[in-house]
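Comments concern the structure below.
In structure tokens:
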């Protein structure tokens, strides 16, 4: 690694559809194959308070109740991922939010589904900028030493 390179950390969430369909191992494999390091990992069912804090920008939007119900519908895997330019790298690795247009080779392009009737399961959430990553990591992991 270049001496001038700065490590970043970001949050990756394997959503309930990814967990239920057995994609956790494949998703984590792709993250590690890219050269990133998983520094924290947890399996849990998200509670309403955590989801409201995580999706604070969306709580008042009409789609939020459905999003909250989906995200609380089963276990999620939350991970703190570390690497050089990891926020940008996971954006590319995950692909666009809409799995129908996400390119083959991306996590969402290969593993996500659009079931029609407004139901989209895009398998993962990833932080969209370093500031969001810091905020989201604190929401899911608190101030755990080393995270």
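In the numbering used here, the protein residues as written are 2 to 148. Cβ coordinates follow ideal geometry from the N, Cα and C atoms, glycine included.
Candidates the options, of which the one nearest residue i by Cα
i           : options              : result
residue 10  : 88, 71 and 123       : 88
residue 35  : 50, 44 and 90        : 90
residue 82  : 6, 21 and 31         : 31
residue 72  : 43, 98, 53 and 6     : 53
residue 21  : 139, 77, 135 and 115 : 77
residue 112 : 95, 128 and 127      : 95
residue 1   : 132, 137 and 124     : Outside the modelled stretch of the chain, which goes from 2 to 148, sits residue 1, for which no answer is possible.
residue 92  : 108, 59 and 58       : 108
residue 69  : 62, 49 and 63        : 49
residue 127 : 144, 64, 97 and 143  : 97
N- and C-terminal bounds of the beta strand (DSSP E) containing residue i
i           : result
residue 84  : 77-85
residue 45  : 38-45
residue 10  : 8-15
residue 125 : 125-127
Three-way DSSP call (helix, strand, coil) for residue i in this model
i           : result
residue 114 : strand
residue 66  : helix
residue 93  : helix
residue 143 : coil
residue 73  : coil
Residue(s) in a DSSP beta bridge with residue i
i           : result
residue 88  : Looking at the DSSP assignment, residue 88 forms no beta bridge with any residue, so it has no partner.
residue 24  : Looking at the DSSP assignment, residue 24 forms no beta bridge with any residue, so it has no partner.
residue 122 : 114
Unbroken alpha helix (DSSP H) run spanning residue i, endpoints
i           : result
residue 51  : 49-55
residue 60  : It is not in any alpha helix (DSSP H) - residue 60 carries neither H nor E in the DSSP assignment.
residue 103 : From DSSP, residue 103 is part of no alpha helix (DSSP H); its letter is neither H nor E.
CB-CB length for residue i against residue j, believed under 8 Å
i           : j           : result
residue 14  : residue 24  : Rounded, the Cβ-Cβ distance is 12 Å, inconsistent with contact.
residue 134 : residue 12  : 6 Å
residue 8   : residue 85  : 6 Å
residue 114 : residue 100 : 6 Å
residue 55  : residue 137 : 6 Å
residue 46  : residue 26  : Not confirmed; about 19 Å, so no contact.
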